[in-house]
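Colleague: So that we are looking at the same thing, I have put the structure below in structure tokens.
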Amino acid sequence: MKKSIYSMCGMCTVRCHIRAEVEDNRVTWMEGNQHILGGALCPRGAAGIALRDDTERPQGPLIREGARGEGKWRQVSWEEALDHVAGKLGAIKEKYGPQSIVVSSRGGPWQGLYKTFVHAIGSPNYTNHDSTCGRNTHHASLSVNGVARKGLQYDYKNARHLVLFGRNLFAALLLTETRAVMEMLQKGGRLTYVDVRVTETSSKATRFFHVRPGTDYALALAMVHQVIRENAYDAAFVDKYVKDFSALCTFVEPYTPAWAAKECGVDEDSIINFVREINEDRPKVIFHPGWNLSRYNDSFYASRMLHILNGLMGSVEVEGGLFFPKGPGDCGVKSIRTVDCKKPDIERADGCGTTYPQFEKGPGLAHLLFPAMKTGKPYPVKAWLAMRHDPFTCMPDPEQQKEYFDHCDLLVSVDTHYSEFGWYADVILP
């Protein structure tokens, strides 16, 4: 018997809405949900059936038999695998305390379950992929806007000018976002693109700044300098909502377009003309704060400067600009109930929120957990459970990481496929 089941795609971070055709409890077809967001689904999502049928992925739980990384496994039943992991975790908890257990994940809509799991054990140490992805832009938004990175959304479709720093949007996964930008361009909107590479998005751009690697911040500083110099900002918005504008003016005074042109390898007049264009287009101007801006030492400051530019444009809470997404509470109804238990009142092993008070405790910073494995300070880390997360491929220097992880008594990979971390783990739960 055929039936349709509506669900959410898990093939990437976007989580598109899908409709699956099911026959005899087996998915036979997958497509975008036509009732939501135009039914968009990329080829990766449509290939979800192939993921299920992949014979080269683990076909059941595996327990390591040889040395770590040697590739010798014993396939076991789920009952044996779970008993094995539970026994190891129990012994570690008894010897070193519950805080010695870490759970990491890819993030996403199911991370509440992972947090609940590790909190129920008694450990505060949950971390995820975001610590090596969007943390800089996350904290930059908090510092300027008072809300996190996802606390602002973008009305691309109605914008007059979109500015992207290192965001190759036309090769990205979020199809609804790409469609909205295409519609903006078809209506005569402008796209300014900043990148070290020539990409799909650069071919669509009205203006392309082909900058030297690591000079995004310099270009953003010069943009702010020129916006202030030419009075190309929304004075009414700045007077009402911007704090310490005079300090900003003083700070950016040395960073002229001529200075940035030498730093970035771009034309000075291009920067000046760009500022005149956004002056014509404001307030419907969006400076995207970037994702790949999290790769440099000054990425936090570059992202902050882009948020500041949005404020200067007066583009917050206007059509074609940025807006604060509204939730159930804004409509007078209760939001979805989340599952969690009381968080343990224990300092995180990575020091987030204590040693490093400027960083949120939430997902912490995964790489700062490694020293605790080796030194035992502030306490030992002895178990790491990675849920669809591969520290070896998402963080630098995997060989150095292995030296840290060798101090752990248990490494578990919960994933659909073999991964670099999974191949080094003690147990794989597919």
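Residue numbers (my numbering): -4 to 425.
C-beta atoms are modelled at their ideal positions from N, C-alpha and C, and glycine is treated no differently.
Given the structure is predicted, the values throughout are model-derived calculations rather than measurements.
#1: Quick one: residues in its chain with C-beta nearer than 8 Å to the C-beta of Gly85, no 5 flanking neighbours on either side, listed in chain order?
#2: Whole angstroms are fine: how far does the CA of Val376 sit from the CA of Thr173?
#3: Between Gly43 and Thr132, what straight-line distance do the alpha-carbon atoms span, to the nearest angstrom?
#4: Measure the alpha-carbon distance for Val80 versus Val422 and round it to whole angstroms.
#5: For Pro53, tell me which candidate among Ala62, Gln70, Glu65, Pro38 has the shortest Cα-Cα distance.
#6: Within a Cβ cutoff of 8 Å, which residues of the same chain sit near Gln353, ignoring the five residues on either side of it in sequence?
#7: What residue from Gly33, Leu164, Ser118, His156 has the CA that sits closest to Trp286's CA?
#8: Relative to the C-alpha of Arg202, which candidate in Val222, His156, Cys403, Tyr236 has its C-alpha closest?
#9: Just to confirm the assignment, what range does the beta strand (DSSP E) spanning Phe160 have?
#10: Distance check for Ser99 and Glu342, CA to CA, integer angstroms please.
#11: When the Cα atoms are used, what is the spatial distance from Leu169 to Gly27?
#12: Look up Glu26 in the DSSP assignment and give the residues it is bridged to.
#13: Identify which residue in Arg207, Gly359, Asn305 has its Cα closest to the Cα of Val280.
#14: I'd like to know whether the C-beta atoms of Glu215 and Phe160 end up nearer to each other than 9 Å.
#15: Considering only the beta carbon of each residue, do Ala420 and Ala381 sit closer than 9 Å?
#16: Looking at C-beta atoms only, is the number of pairs between the stretch 264 to 278 and the stretch 107 to 124 that lie closer than 8 Å three or more?
#17: Under DSSP, the alpha helix (DSSP H) around Lys88 begins and ends at which residues?
#18: Can you tell me where the beta strand (DSSP E) holding Val407 begins and where it ends?
#19: Do the stretch 133 to 147 and the stretch 384 to 403 meet, that is, are 3 or more Cβ pairs less than 8 Å apart?
#20: If you drop the 5 nearest sequence neighbours on each side, which residues of the same chain put their C-beta closer than 7 Å to that of Gly64?
#21: With the cut-off set at 9 Å, would you say Leu57 and Ala76 are in Cβ contact?
#22: Whole alpha helix (DSSP H) runs in the stretch 251 to 337 with 4 or more residues, listed along the chain?
#23: Inspect the beta-carbon positions of Asp401 and His384 and report whether they are closer than 9 Å.
#24: Find the nearest neighbour of Leu301 within the set Ser138, Gly82, Lys88, His124, judged by alpha-carbon distance.
#25: Below 8 Å, how does it come out for the stretch 183 to 193 and the stretch 224 to 231: are there three or more Cβ pairs, yes or no?
#26: Please classify Trp73: is it buried, with 16 or more other beta-carbons within 10 angstroms of its beta-carbon, or exposed?
#27: According to DSSP, simplified to helix, strand and coil, what is Val193?
#28: List the endpoints of the continuous alpha helix (DSSP H) containing Asn131.
#29: Runs of 3 residues minimum, wholly inside the stretch 167 to 192: which ones carry the beta strand (DSSP E) assignment?
#30: Nearest to Val441 by CA position, among Cys403, Cys326, Phe416, Pro320, is which residue?
#31: Taking buried to mean at least 16 other C-beta atoms within 10 Å of its own C-beta, is Asn140 buried or exposed?
#32: Is the distance from the Cβ of Leu206 to the Cβ of Val261 below 9 Å?
#33: Let me check one thing: in DSSP terms, what residues is Met3 bridge-paired to?
#34: Counting only beta-carbon separations shorter than 9 Å, does Val237 have a partner in chain D?
#35: Given this structure, state the Cα-to-Cα distance separating Ser294 from Asn20, to the nearest angstrom.
#36: Along the chain, where does the alpha helix (DSSP H) containing His220 start, and where does it finish?
Modeller: The short version:
#1: As a first step, residue 85 is located in the sequence shown; it is residue number 90 there, counting from the start. Hits under 8 Å: none found.
#2: On the sequence shown, position 178 is the one that residue 173 refers to. On the sequence shown, position 381 is the one that residue 376 refers to. Thr173 and Val376: Cα-Cα distance of roughly 42 Å.
#3: In the sequence shown, residue 43 corresponds to position 48, counting from 1. In the sequence shown, residue 132 corresponds to position 137, counting from 1. C-alpha separation (whole angstroms): 31 Å.
#4: Indexing the sequence shown from 1 puts residue 80 at position 85. Indexing the sequence shown from 1 puts residue 422 at position 427. Near 8 Å, if we compare the C-alpha coordinates of Val422 and Val80.
#5: Numbered from 1 along the sequence shown, position 58 holds the residue referred to as residue 53. Among Ala62, Gln70, Glu65, Pro38, the Cα nearest to that of Pro53 is on Gln70.
#6: Counting from one through the sequence shown, the residue named residue 353 turns up at place 358. Cβ neighbours of Gln353 beyond the five flanking positions: His134.
#7: Position 291 of the sequence shown, counted from the first residue, corresponds to residue 286. Minimum Cα distance to Trp286 is reached at Leu164.
#8: Position 207 of the sequence shown, counting from 1, holds the residue named residue 202. Each of Val222, His156, Cys403, Tyr236 was checked against the Cα of Arg202, and the nearest Cα belongs to His156.
#9: As a working note, residue 160 is residue 165 in the sequence shown. Phe160 -> beta strand (DSSP E) spans 156 to 160.
#10: Numbered from its first residue, the sequence shown carries residue 342 at position 347. Numbered from its first residue, the sequence shown carries residue 99 at position 104. Looking at the two C-alpha atoms, the distance is approximately 17 Å.
#11: As a position in the sequence shown, residue 169 is number 174, starting the count at 1. As a position in the sequence shown, residue 27 is number 32, starting the count at 1. Approximately 13 Å between the Cα atoms of the pair.
#12: Stepping through the sequence shown from its first residue, residue 26 is reached at position 31. According to DSSP, which records beta bridges pairwise, Glu26 is partnered with Arg14.
#13: Here residue 280 refers to the residue found at position 285 when the sequence shown is read from its first residue. Considering only alpha carbons, the answer is Asn305.
#14: For the purposes of this step, residue 215 is taken as the residue at position 220 of the sequence shown. For the purposes of this step, residue 160 is taken as the residue at position 165 of the sequence shown. Glu is not the amino acid found at residue 215; the sequence shown has Ala there. It is a contact, given that the beta carbons lie within the stated cut-off.
#15: On the sequence shown, position 425 is the one that residue 420 refers to. On the sequence shown, position 386 is the one that residue 381 refers to. Cβ distance < 9 Å, so Ala420 and Ala381 count as in contact.
#16: no
#17: For the purposes of this step, residue 88 is taken as residue 93 along the sequence shown, with counting starting at 1. Unbroken alpha helix (DSSP H) run through Lys88: 73 to 91.
#18: Locating residue 407 in the sequence shown gives position 412, where the first residue counts as 1. Its beta strand (DSSP E) spans residues 405 to 409.
#19: When C-beta atoms of the stretch 133 to 147 are compared with those of the stretch 384 to 403, fewer than three pairs fall below 8 Å, so the two segments do not count as touching.
#20: Counting from one through the sequence shown, the residue named residue 64 turns up at place 69. Cβ neighbours of Gly64 beyond the five flanking positions: Trp418, Tyr419.
#21: In the sequence shown, residue 57 corresponds to position 62, counting from 1. In the sequence shown, residue 76 corresponds to position 81, counting from 1. Yes, the pair counts as a contact, with Cβ atoms nearer than the cut-off.
#22: 252 to 259, 263 to 276, 294 to 308
#23: Counted from its first residue, the sequence shown places residue 401 at position 406. Counted from its first residue, the sequence shown places residue 384 at position 389. Their beta carbons are not under 9 Å apart, which means Asp401 does not touch His384 by this criterion.
#24: As a working mapping, residue 301 is identified with position 306 in the sequence shown. Taking only the C-alpha atoms, the option nearest Leu301 is Ser138.
#25: no
#26: As a working mapping, residue 73 is identified with position 78 in the sequence shown. Result: exposed.
#27: To locate residue 193, count along the sequence shown from 1; it is residue 198. Val193 falls in the coil class under three-state DSSP.
#28: Here residue 131 refers to the residue found at position 136 when the sequence shown is read from its first residue. Per DSSP, Asn131 belongs to the alpha helix (DSSP H) from 130 to 140.
#29: 185 to 190
#30: This structure gives no information on residue 441, because the portion of the chain shown stretches from -4 to 425.
#31: Sequence index remark: in the sequence shown, residue 140 carries index 145 (1-based). By the neighbour-count criterion, in which a residue is buried when 16 or more other Cβ atoms sit within 10 angstroms of its Cβ, Asn140 is buried.
#32: Sequence index remark: in the sequence shown, residue 206 carries index 211 (1-based). Sequence index remark: in the sequence shown, residue 261 carries index 266 (1-based). A quick correction: the sequence has Val, not Leu, at residue 206. In contact: Val206 and Val261 (Cβ atoms closer than 9 Å).
#33: The residue you call residue 3 lines up with position 8 of the sequence shown. In the DSSP output, where bridge partners are listed per residue, Met3 has His12.
#34: Absent from the structure is chain D; it holds one protein chain and no more.
#35: In the sequence shown, residue 294 corresponds to position 299, counting from 1. In the sequence shown, residue 20 corresponds to position 25, counting from 1. Distance between the alpha carbons of Ser294 and Asn20: 48 Å.
#36: The residue given as residue 220 occupies position 225 in the sequence shown. Segment 211 to 224, the alpha helix (DSSP H) holding His220.
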